[in-house]
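**Student:** In my numbering, the protein residues as written are 954 to 1377. Here a beta-carbon is modelled for each residue, glycine too, at the ideal position from N, C-alpha and C. My questions all concern the structure below.
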Amino acid sequence: MHDIRWIRENPAEFDAALAKRGDEAMSADLIQRDADRRAVQTELQELQTRRNDASKQIGIAKSKGEDADTLIKEVSDLKDRMQALEENEKNLSSNLTDLLSGIPNLPSEDTPVGAGEEENVEIRLEGVPPEFDFEAKDHVDLGENLSGISFERAGKLSGSRFVVLQGQVARLERALASFMLDVQTEEFGYTEIAPPVLVKDEALYGTGQLPKFADDLFKTTDDLWLIPTAEVSLTNLVANEILAEDDLPIRVTALTPCFRSEAGAAGKDTRGMLRQHQFNKVELVSICHPDNSLEEHERMTGAAEEILKRLDLAYRVMVLCTGDIGFSARKTYDLEVWLPGQDTYREISSCSNCGDFQARRMKARFRPEAGKGTEFVHTLNGSSLAVGRCLIAVMENYQNKDGSITIPEVLRPYMNGLELISAG
RNA sequence: GGAGAGGUGGCAGAGUGGUUGAAUGCACUGGUCUUGAAAACCAGCAGGCGUGUAAGCGUCUCGGGGGUUCGAAUCCCCCCCUCUCCGCCA
């Protein structure tokens, strides 16, 4: 959500930033609507002032036993005009809010301008993809051969884009998630949270999934939604709160299943478990002081990268361009892990700085120690990591010629010391 | 799911239609006092919006939304949440 007062004062800057995203200029329209709204509001408030004064006098007169009919008549006569103005004001302001809430966040200065995915910029390349002296299999072949993955059985239960994991593969997935949580809580200061995965409209509005992206979500029959990411649950933890300045930063993490309808992805990534309706993810969320969000963004990205480093997986860090960045983000780093089965890098994490965009929507503020009033916090979120995709990465990068999978050192403590997953 | 009780400022807790955005206490902030601290005393202490260069002024908000009234924290309706008892249940 954008600050209409800021738009009023910086219309050119606002439109220029929208243009970078490929969106049309909107400031003139918004400013006009805002001016209309304020004119009506001011007029209404003048009438309210008169009404309040008169009502007080009526009270005084009555308490003295005096006659107040003239005043009562006057206020009575104000009512029609007031009601009309009230309705008018309500419409104007909800129209304005609807418009504003559909406008994406403005990209930061250092977000590269580009039309789409192809124009994202690689800023780091870490690790070396493994070389195999045999033909590398993908996780589907590996998993089915190990009796660890079944799409067929998942299909019986739930249809396409679901998977059943079994045995040591299932355990490996759990090991990954535990490892991720342990690193983030013990080494990066994130507090573990076990949040609801069913949430109300307001929560999804707060983080920006609603009202625009309802099609990407699953909704229950009693009006709750399945979260597409724990970003929703974790960020909304501070919704409608006024925090103390020294509460910041708040760093929270959670392992949750995530649910996505993948409405716009028909035919895309249909093989394997790369793109599922349900997957597990360890999410990081930081709520921080506006002065610190840039460095917090780097820190968070580093925390996510640490997981890949310790798993000794090759990856690259991309800065998303203005055409690929998400609705709520000012700047986003994607981490892409090397997948031998696909012979390419694929997204495994996305770390975004949303500035005060989400905070405004959910009214998450803090009280600055110096100065008065309140200020909006900055919110950041990042995956650390998508567990399902990380499982793919481990299976494909750690495969052996015979189809077995070597368990990465750091995961062995979580696997009761097991070093190898093999068939039979 | 059924029956009942209740939701007031950071917390506790008054307030049933009339100068109440809200008594009082605690907490917090500033000041006086003190060698320092405590205590005591004095003062301040909600958020949003509008208007104004500003000081300020105005307006809205007592779980949320409607309604009655000249006037609602107080009366009426709907919804949400919490607690107690019962039922069901991992």
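Note down, in chain order, each residue of its chain lying with its Cβ closer than 6 Å to the Cβ of Gly-1142, except the 5 sequence neighbours on either side.
**Tutor:** As a first step, residue 1142 must be located in the first sequence, where it is residue number 189. Contacts found: Arg-1204.
**Student:** How many Å lie between Arg-1004 and Leu-1031 at the Cα?
**Tutor:** Against the first sequence, residue 1004 aligns to sequence position 51. Against the first sequence, residue 1031 aligns to sequence position 78. So the two alpha carbons sit approximately 8 Å from each other.
**Student:** Taking the straight line between their C-alpha atoms, what separation do you get for Gly-975 and Gly-1276?
**Tutor:** Translated into the one-based positions of the first sequence, residue 975 becomes position 22. Translated into the one-based positions of the first sequence, residue 1276 becomes position 323. Going by the C-alpha atoms only, they are around 7 Å apart.
**Student:** On the three-state DSSP scale, how would you describe Glu-1126?
**Tutor:** Position 173 of the first sequence, counted from the first residue, corresponds to residue 1126. DSSP places Glu-1126 in helix when its eight states are reduced to three.
**Student:** When we look at the beta-carbon of Phe-967 and count the other beta-carbons within 10 Å, is it buried (16 or more) or exposed?
**Tutor:** By 1-based counting over the first sequence, the position of residue 967 is 14. Buried, since its Cβ has 16 or more Cβ neighbours within 10 Å.
**Student:** Using only the alpha-carbon positions, how far apart do Pro-1181 and Phe-1232 sit?
**Tutor:** The residue you call residue 1181 lines up with position 228 of the first sequence. The residue you call residue 1232 lines up with position 279 of the first sequence. Cα to Cα, Pro-1181 sits roughly 9 Å from Phe-1232.
**Student:** Going by C-alpha distance, which of Ser-1281, Glu-1322 and Glu-1251 is nearest Leu-1288?
**Tutor:** For this step, residue 1288 is matched to residue 335 along the first sequence. Ranking Ser-1281, Glu-1322 and Glu-1251 by Cα distance to Leu-1288 puts Glu-1251 first.
**Student:** Per DSSP, Ile-1358 forms a beta bridge with which residues?
**Tutor:** As a first step, residue 1358 is located in the first sequence; it is residue number 405 there, counting from the start. The partner list for Ile-1358 (beta bridge, DSSP) reads Gln-1352 and Ile-1374.
**Student:** Taking buried to mean at least 16 other C-beta atoms within 10 Å of its own C-beta, is Arg-1106 buried or exposed?
**Tutor:** The sequence position of residue 1106 within the first sequence is 153, counting from 1. Exposed.
**Student:** Assuming Ala-1186 contacts Ala-1167 under a Cβ cut-off of 8 Å, what Cβ separation, rounded to an integer in Å, is found between them?
**Tutor:** The count along the first sequence starts at 1 and reaches residue 1186 at position 233. The count along the first sequence starts at 1 and reaches residue 1167 at position 214. The identity of residue 1186 in the sequence shown is Ser, whereas the question assumes Ala. About 18 Å; that fails the 8 Å criterion.
**Student:** If I measure Cβ to Cβ from Val-1066 and keep anything under 6 Å in the same chain, skipping five residues before and after, which residues do I get?
**Tutor:** To locate residue 1066, count along the first sequence from 1; it is residue 113. Excluding positions up to five away in sequence, the list reads Lys-973 and Thr-1275.
**Student:** For the beta strand (DSSP E) that contains Phe-1212, what are its first and last residues?
**Tutor:** Working through the first sequence from its first residue, we reach residue 1212 at position 259. 1203-1212 is the span of the beta strand (DSSP E), which, as asked, contains Phe-1212.
**Student:** How about Thr-1188 and Asn-1334: are their beta carbons less than 9 Å apart?
**Tutor:** Taking the first sequence and counting its residues from 1, one reaches residue 1188 at position 235. Taking the first sequence and counting its residues from 1, one reaches residue 1334 at position 381. A contact, by the Cβ cut-off of 9 Å.
**Student:** Is it right to say Glu-1071 is buried, meaning 16 or more other beta carbons lie within 10 angstroms of its own, or is it exposed?
**Tutor:** Mapped onto the first sequence, residue 1071 falls at position 118. Exposed: under 16 other Cβ atoms inside 10 Å.
**Student:** I'd like to know whether the C-beta atoms of Ile-1360 and Met-1226 end up nearer to each other than 9 Å.
**Tutor:** Here residue 1360 refers to the residue found at position 407 of the first sequence. Here residue 1226 refers to the residue found at position 273 of the first sequence. For Ile-1360 and Met-1226, no; Cβs fall outside 9 Å.
**Student:** Return the Cβ separation of Asn-1058 and Ser-1281 in integer angstroms, given the expectation that the two are a contact with Cβ distance under 8 Å.
**Tutor:** Sequence index remark: in the first sequence, residue 1058 carries index 105 (1-based). Sequence index remark: in the first sequence, residue 1281 carries index 328 (1-based). Asn-1058 to Ser-1281, Cβ: 5 Å. Contact.
**Student:** Considering His-1230, what are the terminal residues of the alpha helix (DSSP H) in which it resides?
**Tutor:** Here residue 1230 is taken as the residue at index 277 of the first sequence, counted from 1. Taken as a continuous stretch (DSSP letters only), His-1230 belongs to no alpha helix (DSSP H), as it is neither H nor E.
**Student:** Below 8 Å CB to CB, which residues in the same chain sit around Glu-1027 once its five sequence neighbours on both sides are set aside?
**Tutor:** For the purposes of this step, residue 1027 is taken as residue 74 along the first sequence, with counting starting at 1. Excluding residues within five positions, the ones whose Cβ falls inside 8 Å are Ala-1007.
**Student:** Report the start-end ranges of each beta strand (DSSP E) in the stretch 1037-1061 that is 3 residues or longer and not cut off at the edges.
**Tutor:** Taking only runs of at least 3 residues, no beta strand (DSSP E) segment lies wholly in the stretch 1037-1061.
**Student:** Quick one: grab the DSSP three-state call for Ala-1197.
**Tutor:** To locate residue 1197, count along the first sequence from 1; it is residue 244. Of the three classes helix, strand and coil, the one that applies to Ala-1197 here is strand, per DSSP.
**Student:** With which residues is Leu-1266 paired in a DSSP beta bridge?
**Tutor:** Start at 1 with the first residue of the first sequence, and residue 1266 comes out as number 313. BP columns for Leu-1266 are empty, so no partner.
**Student:** Could you check which residue in Gly-1255, Leu-1292, Cys-1304 and Ala-1267 has the C-alpha nearest to that of Ile-1278?
**Tutor:** One-based indexing of the first sequence puts residue 1278 at position 325. Ile-1278 has its Cα closest to that of Cys-1304, out of Gly-1255, Leu-1292, Cys-1304 and Ala-1267.
**Student:** Determine the burial state of Val-1081: buried for a count of at least 16 other Cβ atoms within 10 Å of its Cβ, exposed for fewer.
**Tutor:** Counting from one through the first sequence, the residue named residue 1081 turns up at place 128. Exposed: under 16 other Cβ atoms inside 10 Å.
**Student:** According to DSSP, simplified to helix, strand and coil, what is Met-1271?
**Tutor:** On the first sequence, position 318 is the one that residue 1271 refers to. Strand.
**Student:** Going straight from the alpha carbon of Asn-1044 to that of Lys-1165, what length do you get?
**Tutor:** In the first sequence, residue 1044 corresponds to position 91, counting from 1. In the first sequence, residue 1165 corresponds to position 212, counting from 1. Taking the straight line from one Cα to the other gives about 20 Å.
**Student:** Whole angstroms are fine: how far does the CA of Asp-1309 sit from the CA of Ile-960?
**Tutor:** The residue given as residue 960 occupies position 7 in the first sequence. The residue given as residue 1309 occupies position 356 in the first sequence. So the two alpha carbons sit approximately 14 Å from each other.
**Student:** On the three-pair Cβ rule with 8 Å, is the stretch 1334-1354 touching the stretch 1290-1301?
**Tutor:** Yes, the stretch 1334-1354 is in contact with the stretch 1290-1301.
**Student:** In whole angstroms, what is the alpha-carbon distance linking Asn-963 and Ala-1256?
**Tutor:** Counting from 1 along the first sequence, the entry for residue 963 is found at position 10. Counting from 1 along the first sequence, the entry for residue 1256 is found at position 303. Roughly 36 Å separates the two Cα atoms.
**Student:** Taking the alpha-carbon of Tyr-1351 as reference, which of Ser-1375, Pro-1149, Gln-1036 and Pro-1366 has the nearest alpha-carbon?
**Tutor:** Residue 1351 sits at position 398 when you count from the first residue of the first sequence. Answer by Cα proximity: Ser-1375.
**Student:** Who does His-1331 pair with in a DSSP beta bridge?
**Tutor:** Numbered from its first residue, the first sequence carries residue 1331 at position 378. DSSP lists Cys-1241 as partners of His-1331.
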